[in-house]
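Worksheet: one structure, shown below.
Printed below as a string of structure tokens:
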């Protein structure tokens, strides 16, 4: 009888060990992201950019439109850390204020694309059949026009300005989100928890919004991060050819366009805004790559 | 095989119609009265009304669209430039070779720089070469190509005086624009090639080839590369489209007489028929390129070939 182990004896080894805290999946993603130094670097830069944008009035040494015609074309010096432009405006201040415009364009354009694209993609994926075909054909048509040309076309029709740039760039990005969401929906649609939800009587809208979309967030987030980068680039490109944000708004692409005429003698006017764009895009790409690795289900240990 | 090509050709038509529909709609809603713009501000009202009737500008939306498509297909007439009064088609077609040349050179630069770098990066993963290549690729992707063009001009034209900064006739003149267009594409292709090769190299059939004692270079070049090529070809095709769009900015910077620069100038002078005509032109070219890429797939990917045997 003594050789037969009782249940309480079997349970002994576990007694005294602390219970492991349950980790939410998002905390797990954050933990993995933290390990990626490059991604953290990117995230830090984006946070700095946000701070610059929000507190521009306090951080920038001058206003973005303060002309000082006696101080034109100055190269970097102690009074103007990045020099001045052809109107004597401080370039550093303009770059700081420009971050506001760039972040606005980036996030709003991506939001437009995500909401429209996500809706279209989930409808196409969930209902399938001819509706799916029809929606995807329209996406193909949008994709046949290279991004910047589509944006040019839309802005030419709607007129220049910040709002229309956001709409134009947003519309151009709709197909990518539509495809991503559709692919997610297709893979989730036939799973059992969806069947269960249907059995309980959830209507289609509820199923899509409460069950399918939350489970498709990973690729959407990665695409969104890279999407903000592309939106900023497109907006800068549009402003560079005079179609986007109008002067005296200190958009980085417009600053590049302005400095172009003086490139021979005053190259600092083009170097610094371009550097600002590059650092922003670089940081967003690092973050996007890091998020993709952190969210990759295959790497789950 | 032929069925595959035919199917893809037929699919092209609805997409083209769709693009023309979008372009026409943009035109239709652009502010301004085309007849008034063509005749000028000081022309008498009666003449403007007459021109509107002649051009059918007061007809319903769909009637005008159908007319637009008919004109485009039958007479190659997609409108007239407000500025020069010549057919949009002739204006664009005369400049198109330059744009095509530029985009092709860009793709060439991108592939020559990108594919080998990606392959070496993949085979020597985590080495110094790989790390440097990946950082450079990331920088390349992050740099706006119009800024890069300006930087190249500052460096090579202004400071060093080695290369000219405008024109597109001599070989020397083509170097900077091609580099500008090509390098950000090269960065994307490098990353894509590397990740595609890495995926392929992990496959079992590569392990088998190595286990059989095959020479490493053959393993890479004949087995791995062929299979890795498919997504790479997709990316190259997509890049061509991106380059056709990117040519717009590059042509402006380097003063190249191409469709892109024509479009930018027309935007500034509000010559909208040219703008929209240019978009249509480039979209059609891009679709044809994608079609060629799809046909190329059928030759490279035996799975597609066998489907249509």
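Protein chains in written order, with my numbering: chain A, 1 to 301; chain B, 1 to 309.
Even for Gly, the Cβ is constructed at its ideal location relative to N, Cα and C.
query = When you check each C-beta in the segment 121-137 of chain A against every C-beta of chain B, which residues fall closer than 7 Å?
reply = 137
query = Which residues, taken in chain order from the segment 211-237 of chain A, show a beta carbon closer than 8 Å to some beta carbon of chain B?
reply = 229, 233, 236, 237
query = Going by Cα to Cα distance, which pick from 41(B), 101(B), 13(B), 265(B) is closest to residue 73(B)?
reply = Taking the second chain and counting its residues from 1, one reaches residue 73(B) at position 73. Looking at the Cα atoms, 13(B) is the closest of the given residues.
inquiry  = What does the alpha-carbon distance come out to for the pair residue 249(A) and residue 117(A)?
reply    = Residue mapping note: residue 249(A) aligns to position 249 of the first chain, counting from 1. Residue mapping note: residue 117(A) aligns to position 117 of the first chain, counting from 1. Looking at the two C-alpha atoms, the distance is approximately 30 Å.
inquiry  = Is there a C-beta anywhere in chain B that falls below 7 Å from the one on residue 285(A)?
reply    = Counting from one through the first chain, the residue named residue 285(A) turns up at place 285. Closer than 7 Å: yes.
Separation of residue 52(A) from residue 59(A), as counted between CA atoms = For the purposes of this step, residue 59(A) is taken as the residue at position 59 of the first chain. For the purposes of this step, residue 52(A) is taken as the residue at position 52 of the first chain. Distance between the alpha carbons of residue 59(A) and residue 52(A) is about 7 Å.
inquiry  = Quick check: residue 235(B) and residue 192(B), are their CB atoms within less than 7 Å of each other?
reply    = In the second chain, residue 235(B) corresponds to position 235, counting from 1. In the second chain, residue 192(B) corresponds to position 192, counting from 1. It is a contact, given that the beta carbons lie within the stated cut-off.
query = CA-CA distance, residue 284(B) and residue 241(B)?
reply = Along the second chain, read from residue 1 onward, the residue named residue 284(B) stands at position 284. Along the second chain, read from residue 1 onward, the residue named residue 241(B) stands at position 241. Answer to the nearest angstrom: the Cα atoms are 10 Å apart.
message = Under 7 Å, Cβ to Cβ, is there at least one residue of chain A near residue 241(B)?
response = Residue 241(B) sits at position 241 when you count from the first residue of the second chain. For residue 241(B), the answer is yes, since a Cβ of chain A falls inside 7 Å of its Cβ.
message = Using a Cβ distance threshold of 8 Å, determine whether the segment 40-47 of chain A contacts the segment 281-294 of chain A, with at least three qualifying pairs required.
response = yes
message = Using a Cβ-Cβ cutoff of less than 6 Å, which residues in the same chain neighbour residue 290(A) once the five nearest sequence positions on both sides are dropped?
response = The residue you call residue 290(A) lines up with position 290 of the first chain. Contacts found: 33, 36, 39.
inquiry  = Beta carbons nearer than 7 Å to chain A: which residues of the segment 265-290 of chain B have them?
reply    = 267, 268, 272, 275, 276, 279, 282, 283, 286, 287
request  = Reducing DSSP to helix, strand and coil, say where residue 300(A) ends up.
outcome  = Position 300 of the first chain holds residue 300(A). Any answer about residue 300(A) is weak, because its pLDDT of 45 lies below 50 and its placement is not dependable; what the coordinates show is given next. Three-state DSSP puts residue 300(A) in coil, outside helix and strand.
inquiry  = I'd like the span of the alpha helix (DSSP H) that includes residue 129(B), first residue to last.
reply    = Translated into positions along the second chain, residue 129(B) becomes position 129. First-last of the alpha helix (DSSP H) with residue 129(B): 128-142.
request  = Identify the contact partners of residue 270(A) in chain B, using a Cβ-Cβ distance below 9 Å as the criterion.
outcome  = Against the first chain, residue 270(A) aligns to sequence position 270. Going along chain B in sequence order, the residues near residue 270(A) (Cβ under 9 Å) are 147, 150, 151, 154.
request  = Could you list which residues in chain B have their beta carbon closer than 8 Å to that of residue 153(A), in chain order?
outcome  = Here the question's residue 153(A) lines up with position 153 in the first chain. In chain order: 22, 23, 26, 275, 276, 279.
Residue nearest to residue 253(A) in terms of C-alpha spacing, selected from 238(A), 266(A), 263(A), 261(A) = Here the question's residue 253(A) lines up with position 253 in the first chain. Comparing Cα-Cα distances from residue 253(A) to each of 238(A), 266(A), 263(A), 261(A), the minimum goes to 238(A).
message = By the three-class DSSP mapping on this structure, what secondary structure does residue 264(A) have?
response = Here residue 264(A) refers to the residue found at position 264 when the first chain is read from its first residue. Here residue 264(A) sits in coil by DSSP.
ask   = According to DSSP, is residue 67(B) helix, strand or coil?
value = For the purposes of this step, residue 67(B) is taken as residue 67 along the second chain, with counting starting at 1. Residue state, collapsed to three classes: helix.
query = List, in order along the chain, the chain B residues whose C-beta lies closer than 7 Å to that of residue 144(A)?
reply = On the first chain, position 144 is the one that residue 144(A) refers to. Those within 7 Å of residue 144(A) in chain B are 15, 19, 283, 286, 287.
message = Give me the chain A residues within the contact set of residue 245(B), using Cβ-Cβ distance strictly less than 8 Å, ordered along the chain.
response = Taking the first residue of the second chain as position 1, residue 245(B) is located at position 245. By Cβ distance, chain A contributes 146, 147, 148, 149.
Within-7 Å CB hit, residue 233(B) to chain A = As a position in the second chain, residue 233(B) is number 233, starting the count at 1. Residue 233(B) does not count as touching chain A.
ask   = For residue 257(A), does the count of other Cβ atoms within 10 angstroms reach 16, so buried, or fall short, so exposed?
value = Along the first chain, read from residue 1 onward, the residue named residue 257(A) stands at position 257. It is buried - the Cβ of residue 257(A) has at least 16 other Cβ atoms within 10 Å.
inquiry  = Rounded to the nearest angstrom, what separates residue 207(A) and residue 130(A) at their Cα positions?
reply    = Residue numbering aside, residue 207(A) sits at position 207 when the first chain is read from its first letter. Residue numbering aside, residue 130(A) sits at position 130 when the first chain is read from its first letter. Going from the Cα of residue 207(A) to the Cα of residue 130(A) covers about 21 Å.
key: Limits of the alpha helix (DSSP H) - the one that residue 98(B) falls within   = As a first step, residue 98(B) is located in the second chain; it is residue number 98 there, counting from the start. That run of the alpha helix (DSSP H) goes 88-123.
ask   = Which chain A residues are close to residue 195(B), counting only those with a beta carbon under 9 Å from its beta carbon?
value = Looking up residue 195(B) in the second chain gives position 195. Simply none; closest approach about 11 Å.
request  = Per DSSP, which residues does residue 80(B) bridge with? Please list them.
outcome  = Here residue 80(B) refers to the residue found at position 80 when the second chain is read from its first residue. 87(B).
query = Does the Cβ of residue 99(A) lie closer than 6 Å to at least one heavy atom of the ligand MN?
reply = Of ligands this structure carries none, so the ligand MN is not represented either.
query = Given that residue 267(A) touches chain B, what residues does it touch there, using C-beta distances under 7 Å?
reply = Within the first chain, the letter at position 267 stands for residue 267(A). 154, listed in chain order.
message = Does any residue of chain B have a CB that is nearer than 7 Å to the CB of residue 274(A)?
response = Residue 274(A) sits at position 274 when you count from the first residue of the first chain. So yes, residue 274(A) belongs to the interface.
message = At 4 residues or longer, what runs of the alpha helix (DSSP H) sit wholly inside the segment 183-210 of chain A?
response = 192-200
message = Give me the DSSP bridge partner(s) of residue 90(A).
response = Start at 1 with the first residue of the first chain, and residue 90(A) comes out as number 90. 84(A), per the DSSP bridge assignment.
query = By the criterion of Cβ-Cβ separation under 9 Å, what are the contact partners of residue 167(A) in chain D?
reply = The chain labelled as chain D is not found among the protein chains of the depicted structure, namely A and B.
inquiry  = Does the CB of residue 143(B) have a neighbour CB from chain A at under 7 Å?
reply    = Residue 143(B) sits at position 143 when you count from the first residue of the second chain. Yes, contact with chain A.
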